[in-house]
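All remarks here apply to the structure that follows.
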Amino acid sequence: MKMKKLQEKDLKYIWHPCSQMKDYEEFLPIVIERGMGVFLQDVNKKLYLDAVSSWWVNLFGHSNIRINDALYRQANSLEHTIFANFTHKPAIELCKRIVNITPDRLDKVFFGDNGSSAVEIALKLSFQYHKQIGKDKKYKFVKISDSYHGETIVALSVGDMDLYSKIYEPILLETVKVEGPDCYRCKFNKKRSTCNAECFKYMEEKISEIHEEVTAIIIELIVQCAAGMKIYSPNYLVKLRQICDKYDINLIADEIAVGFGRTGKMFACEHANISPDIMCLSKGLTAGYMPLSLVLMGNKIYDAFYDDYSTMKAFLHSHSYSGNALGCSVAIETLNIFEDEDILNKNKYKSEYLRSRVTSILKDIPQIGEYRQIGMIGAIELVKDKNTKEPFESELRVGYNIYKIALEKGVLLRCLGNILYFMPPYVISEKEIDFMVNVAKESIIEYFKEK
Ligand SMILES: Cc1ncc(COP(=O)(O)O)c(C=O)c1O
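First residue of the sequence shown: 86, per our numbering; consecutive thereafter.
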């Protein structure tokens, strides 16, 4: 009853993200009252294991005591202050520590308040940098196929997912798209674990043609998450770094979804041992607590903006919540937890356990075309035909229907088209991994039995 009333009120006033609201007529929003570790609890006390870390943000469980305390302490001293001409200890400590743990070449930090704003900042910085060093011709942004960098107009422009961007085509920025890696359906018949990123040839061809006009190449590191957790070879990034160096192109690393340990390394660029020119961080930065993002860049870029005010070279970008003190404190506690609790090492074991559990169910489900995993990201791609790798038609909403079945069984297993994925908070236990994987298996089998 309590649930029903709240649902009615919700639908009277709220427009939910990434949703066709008509779907909510049959599938009402679940009203969550509490979070505890990997579980969310609704107002009827039903539990849901959050297998997707609430859109890839949560690291150490819901309502984590250490982070709750850090937030409370900070709120009692300073919640927020204007960040132009003012600063505070949490921002200073956070930026010092972030610069220390990210790859070299990254010396300075600029604040945004979500992933898309970080992407906007990175693109503006790159463009203005080239303009101010006299390379006026360099204004184009290059992206790869199936990329995703957020939902604002410019972030959509450097993305390549028609589902989100097609309708806005007339108002998007003109960008250059290059065919990127597609390892499950590799045109070169290679395996991602052993290939030499042969598909980089498309990038090489395009860049050698237009490099004089290119200011930046933006890329999601190692995993294209929104496209269906598409994992690609680090060799692609090694080659990308080389070509960017050769032609003075800024490599913008979007680590928004994969940073902070998701792929098994603190930052995914470590797999390729490369340093980007600009790096975007968000999501796990505050372990799922506060909207905050950071853009890191080297002194080379910073210095091109540093001059007398009258030269008008300053970067005059700002957000009201830049440098938010609550967000910074939570991010510091997140880094403390990584250090104190040896998270990356513990995750090695958990990710192997996840792999072994999912691998054991593969033979029971003929529709699983591929299971791919890196670190704490695992994805099941469902296909019509394993041999041809033919996908299910999107109108069937296969993943969405399985997601609904899994919810009934107590697991939040949100899909990406025909791909179901596991991206749980790092505090997940073996027992909880078993539960999550078993529910995924039962839900897939139940869905296809009904067909
Ligand atoms: C790789 C990547 N970049 C950017 C974004 C945008 O972040 P936000 O949703 O905070 O704007 C996302 C969000 O999922 C993402 O996965």
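Backbone N, C-alpha and C define an ideal beta-carbon position, used for all residues, glycine too.
- By the C-beta criterion, the segment 380–390 is judged not to be in contact with the segment 423–443, since fewer than 3 inter-stretch pairs fall below 8 Å.
- For ligand 1, no non-hydrogen atom lies closer than 8 Å to the CB of N143.
- Looking at the DSSP output, G197 sits in a beta bridge with S378.
- Burial is judged here by how many other beta carbons sit within 10 angstroms of a residue's own beta carbon; C103 has fewer than 16 and is exposed.
- Boundaries for E305: no alpha helix (DSSP H) harbours it, while the beta strand (DSSP E) harbouring it runs V299 to E305, taken from the DSSP string.
- Shown here, A416 sits in a helix according to DSSP, grouped into three states.
- Here the distance from the Cβ of V522 to the nearest heavy atom of ligand 1 is not below 8 Å.
- Nearest to V204 by alpha-carbon distance, out of D192, A342 and M121, is A342.
- If you ignore the 5 residues before and after Q458, its C-beta comes within less than 6 Å of the C-beta of R440, all in its own chain and listed in chain order.
- Of all residues, those with a beta-carbon under 6 Å from at least one heavy atom of ligand 1 are N199, G200, S201, V204, Y233, H234, G235, E305, C310, A311, D339, I341, A342 and S367, reported in chain order.
- Counting the other CB atoms within 10 Å of its CB gives A160 a total below 16, which places it among the exposed residues.
- Taking a C-beta distance under 9 Å as the contact criterion, C329 and I303 do not qualify as a contact pair.
- With 16 or more neighbouring CB atoms inside 10 Å of its own CB, W141 falls in the buried class.
- Beta bridge pairing from DSSP links F507 with G463.
- The DSSP-derived three-state label of Y98 is helix.
- For the segment 215–275, the full-length alpha helix (DSSP H) segments reaching 4 residues or more read 238–242 and 247–250 along the chain.
- With respect to the 9 Å criterion, I206 and G197 are classified as neighbours on the basis of their beta carbons.
- Distance from the CA atom of S403 to the CA atom of S202, rounded to whole angstroms, is 10 Å.
- If you draw a straight line from the Cα of E164 to the Cα of C413, it comes to about 10 Å.
- In this structure F212 is in contact with T300, their Cβ atoms being roughly 5 Å apart against a cut-off of 8 Å.
- For C365, the enclosing beta strand (DSSP E) has its first and last residue at I363 to L366.
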